[in-house]
Every structure is written in C-alpha cells, then in structure tokens.
Amino acid sequence: MIYSYYPGCTLKDRAKQLDLNARTALKAMGIELKELDAWQCCGAVYPQTSDEIASRLSAVRALSDAENGKLITLCSACHHVIKRTNYDWLKDENFRTKATNYLKPEVPYDGSTQVIHVLELIRDEIGFENLKKMVVNPLTGRKIGAFYGCMVLRPGKTLAFDDPENPTIIEQFIEALGATAVTYPYRNECCGAYVALEDKSAAETQVDRALNSAVKAGCEELITACPLCLYNLVHNATANKLPVKYFTELLAEALGVKEGE
Amino acid sequence: MNNRVKTLTETALLISGVNPKKCMKCGKCSGTCPSYDKMEYHPHQFVSMVEKGQIEKLMNSASIYYCLSCMACVERCPRGVEPGKLVEAVRLMKIRQQDANHKNGNDIARIADENVPQQLLMAAMRKYRK
Ligand code: SF4
Ligand code: SF4
Ligand code: SF4
Ligand code: SF4
Numbered sequence: 159m160i161y162s163y164y165p166g167c168t169l170k171d172r173a174k175q176l177d178l179n180a181r182t183a184l185k186a187m188g189i190e191l192k193e194l195d196a197w198q199c200c201g202a203v204y205p206q207t208s209d210e211i212a213s214r215l216s217a218v219r220a221l222s223d224a225e226n227g228k229l230i231t232l233c234s235a236c237h238h239v240i241k242r243t244n245y246d247w248l249k250d251e252n253f254r255t256k257a258t259n260y261l262k263p264e265v266p267y268d269g270s271t272q273v274i275h276v277l278e279l280i281r282d283e284i285g286f287e288n289l290k291k292m293v294v295n296p297l298t299g300r301k302i303g304a305f306y307g308c309m310v311l312r313p314g315k316t317l318a319f320d321d322p323e324n325p326t327i328i329e330q331f332i333e334a335l336g337a338t339a340v341t342y343p344y345r346n347e348c349c350g351a352y353v354a355l356e357d358k359s360a361a362e363t364q365v366d367r368a369l370n371s372a373v374k375a376g377c378e379e380l381i382t383a384c385p386l387c388l389y390n391l392v393h394n395a396t397a398n399k400l401p402v403k404y405f406t407e408l409l410a411e412a413l414g415v416k417e418g419e
Numbered sequence: 436m437n438n439r440v441k442t443l444t445e446t447a448l449l450i451s452g453v454n455p456k457k458c459m460k461c462g463k464c465s466g467t468c469p470s471y472d473k474m475e476y477h478p479h480q481f482v483s484m485v486e487k488g489q490i491e492k493l494m495n496s497a498s499i500y501y502c503l504s505c506m507a508c509v510e511r512c513p514r515g516v517e518p519g520k521l522v523e524a525v526r527l528m529k530i531r532q533q534d535a536n537h538k539n540g541n542d543i544a545r546i547a548d549e550n551v552p553q554q555l556l557m558a559a560m561r562k563y564r565k
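In order, the protein sequence lines correspond to chains A and B.
Per the numbering used here, the first sequence starts with residue 159, numbered consecutively.
Per the numbering used here, the second sequence starts with residue 436, numbered consecutively.
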C-alpha cells in the first residue's frame, strides 16, 4: 500500500530519526510513505481564532494534495495543525470561502481527506496483533513509558485519537513490540512547549513533574511522537532524567531495520 | 462601557468564539492549567475579565505569553467555555498592533541553542510576533 505523507520541517532536520525510522519500519510492514511533492511548513501551532486564515493555508494545500483520500502525518504538531484545519474546513463556511479565495485552486479542496497519524495507521490499518507477529527482536524486559503530551490528544472531539484522559494506544504499541508498557499520571500533560524560550524555568517545572511521575511508576525509558516534547524532556530536565526516543526508533529496532545499526 | 472597550470586547468574543456567560466559575480550568503559577491572571479570570470588558489589562499582562496552548482547559471545562481560546485571542489582539511584537525573529534566534527543533522556533515565531 502507498500512502501520501506529510513529514514536516523538523523531521527533515533535528528529528530525522523520527522520519527515517518510520519509512524503513513501515516499508518492512508493506507500507510505502510517498512524500507530498511540494509541502510547506504547517506553522507548528494551530491558530485558534476564526480570523486567522493565511496561517492555515499550508495545511489546506497539504490536505488537497493528498492522494486516495488519506494523508499520513507523524510529527504530533503537524498532525494537530492539519487535522484541526481539516475539521475547520468542514465546519466553518467563512474559513472555507476565504481560504479558497486566497488559494484560487484549479479544483477546490472537497474536504474529504482523512488525516491519519502513523500510530493510527498501525492500529487501524495493520493492527497491533499483526504488528506483534512481525517483530523479530522483541524488546523483552524493557520498561517503557509513553509520553503523549497534548497535541495528538486534545481537543479530544477534533483529534479523536484516543481517550484524551486515559490514552492506551502507545501502551498497546509498546506491548506489541514485546516490552512492558508503564503508565504514569503525567503522560498526557504538557512538556512546556514553546514557553521554554520565553522562560526556561516554566518548561523545567513541567518536565521535572512528568519525569518524576514516570520514574516513580517504574519507567526506564520514554517514547514520544513530538520533537518538541523530546527536546524539553531531554534538555529541560533538572532532576530525574530518562532516555527519550521517538516511537519509530523503537519500532524499527523491534523489526530489525533500525537506521544506522 | 466606552467605545474602545466595547470594540475590544466584541473583537475578543467574535474571533475566539467563546461565550463567557456559559461559565459557572468552578475554577477547573485554572486548577488544571500547567502555567497557573506563572500567570498573573488565570484562565477563569480571562473568562470573567473579558465579560467585564477588561481586555486591555489582559493584553498588557505577561500572562498571555505563558499560555502553552496545551488545550487542558479546553478539554476539561465542564461547560465547554474553552478559556484557552480567549487567551489566544487576547494575545493575537496584542501582537497584531503596530510594533507590539513580544519577541522578534532575532530575539528568538539568539535564545535558541543548537538542540532546539525547528518546531520550537516556528511555534515561537507564530506565538510571539506578527
Ligand atoms: S510542526 Fe513543525 S515540523 Fe511539523 S511542519 Fe510544522 S513546523 Fe514544521
Ligand atoms: S507536550 Fe508540549 S511539545 Fe509536546 S505536544 Fe504538548 S505542547 Fe507540544
Ligand atoms: S491552554 Fe493555556 S490557559 Fe489553558 S490550560 Fe493550557 S496553558 Fe493554561
Ligand atoms: S472550567 Fe469552564 S466553567 Fe469552570 S471556571 Fe473555567 S471556564 Fe468557567
């Protein structure tokens, strides 16, 4: 199966491991990610007011360029921006009209693209049971915690990724790879996001609280889908520290196709 | 309300889509807000202050730069008020004014270290300047 794919700018640079390991691991599972020809940065944050039109256009372009009605995303932030913009497209006629007037497309976007995160692709199109059967290096004995953060989960009504207060999708993923999934209370709270630039201490407070909660519960390593979560968890931890990896690195490892190894 | 206050209030309500009258003042939004300690005005206060037309006070408070857009208050408000959207609206109303960038591109580049992901730079550009 071939799917249209939106990597986003961070995955071309700081978060190369997130992208490269997704491509090779999915390939090993019979899925090819076909990068959109001419995508632009999604803007990283979803503009929450109804009069922000221009800042949502790159998401609309990506949505209308997707082939076969599906667009695969991987960075949590890109997923958030593109999925919410798609929701706006369907619900907000004013946005639809203004965005169409700006873009003047040959064929206007019809709103039919489904935005699918790689984790959803694995859950819904492959299935964790099938994933389990494809594992060649089971991660037996490793105690791994999921750090969900915010962007893939909230608002739950729009993202519809998992139960926003008690998500289990990444834990199921971890278990399918043969490791032990450890749940902890702060896995779906914010890491401090961009406020790390405004005031480092704000991010440090958030990160220390999350890591304290993870260590207490018995996590020995964490995985995430968000480059900004990874940055904060690694570089703004002042007390407990844990190794943090992208979930695709773990996937590639378990499937025996990890890049650079 | 004088005319300026009236216009500002109407703008905040219009672009955020928030209806402060739905708020039952339970404080759950502020209770769940990760930036609570850093904010002079807390999420539930944004709701009541906008209702009272105190937009300029909010526009001039550092609180608007501490909101993480984490959507915790949006998700957890039992009345669907979504206070985070008001914080966003007030911040945009501030930085859309002439020469009102909170940080410019150079400031952001200067603070960033070599590990900072593009996502963080882009987010800061979008949140702190126009
Ligand atoms: S979220 Fe980041 S990496 Fe993803 S496209 Fe947007 S700005 Fe670029
Ligand atoms: S935890 Fe922080 S960086 Fe991660 S998704 Fe939430 S806001 Fe983004
Ligand atoms: S969105 Fe902003 S105001 Fe709401 S809980 Fe998060 S940080 Fe606090
Ligand atoms: S959670 Fe909702 S109802 Fe409760 S104080 Fe906040 S805005 Fe008002």
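Note that CB positions come from ideal geometry on N, CA and C, so glycine has one too.
query                                                                                                                                      : result
9 Å Cβ cutoff, E523 of chain B in contact with chain A                                                                                     : yes
Contacts around E278 of chain A, its chain only, beta-carbon distance under 8 Å, and the 5 residues preceding and following it disregarded : F319, I327
Delimiting residues of the alpha helix (DSSP H) encompassing I328 of chain A                                                               : 327-334
Close-in-space but distant-in-sequence residues of the same chain around L311 of chain A (CB under 8 Å, 5 per side omitted)                : L317, F319, D320, P322, P325, N346
Straight-line gap, A447 of chain B to A361 of chain A (C-alpha atoms, nearest Å)                                                           : 28 Å
Coil, strand or helix - I302 of chain A by DSSP                                                                                            : strand
Same chain only: Cβ atoms within 7 Å of I160 of chain A, ignoring 5 sequence neighbours per side                                           : E190, K192
D548 of chain B at chain A interface by Cβ criterion, 9 Å                                                                                  : yes
Contiguous alpha helix (DSSP H) assignments of at least 4 residues, all confined to the stretch 521-551 of chain B                         : 540-546
Same chain, Cβ closer than 7 Å to A535 of chain B, five either side skipped, listed in chain order                                         : K529
L409 of chain A beta carbon less than 9 Å from that of A183 of chain A                                                                     : yes
As assigned by DSSP and simplified to three states, the class of R413 of chain A                                                           : Per the sequence shown, residue 413 of chain A should be read as Leu rather than Arg. The answer is coil: DSSP assigns L413 of chain A none of H, G, I, E or B.
Touch test, the stretch 165-176 of chain A against the stretch 553-563 of chain B, Cβ-Cβ under 8 Å, three pairs minimum                    : yes
Residues that Y352 of chain A contacts on chain B, provided the C-beta gap is smaller than 7 Å                                             : L555, A558, A559, K562
Proximal residues, the stretch 474-496 of chain B versus chain A, C-beta separation under 7 Å                                              : none
Sub-9 Å separation of E225 of chain A and S162 of chain A beta-carbons                                                                     : yes
Check: M309 of chain A C-beta below 8 Å from any heavy atom of ligand 3                                                                    : no
Meets three-Cβ-pair contact criterion under 8 Å: the stretch 173-180 of chain A and the stretch 242-250 of chain A                         : no
Residues near G201 of chain A in its chain [Cβ-Cβ closer than 7 Å; skip 5 each side]                                                       : S213, S216, V239
DSSP-derived helix/strand/coil call for E190 of chain A                                                                                    : strand
Limits of the unbroken beta strand (DSSP E) element including E379 of chain A                                                              : 379-382
Check: Y471 of chain B C-beta below 8 Å from any heavy atom of ligand 3                                                                    : yes
CA-to-CA distance, E523 of chain B to L503 of chain B, given in whole angstroms                                                            : 10 Å
Any non-hydrogen atom of ligand 3 within 8 Å of V516 of chain B CB                                                                         : no
Closest Cα partner of L443 of chain B within the set B:M494, B:N541, B:R564                                                                : B:M494
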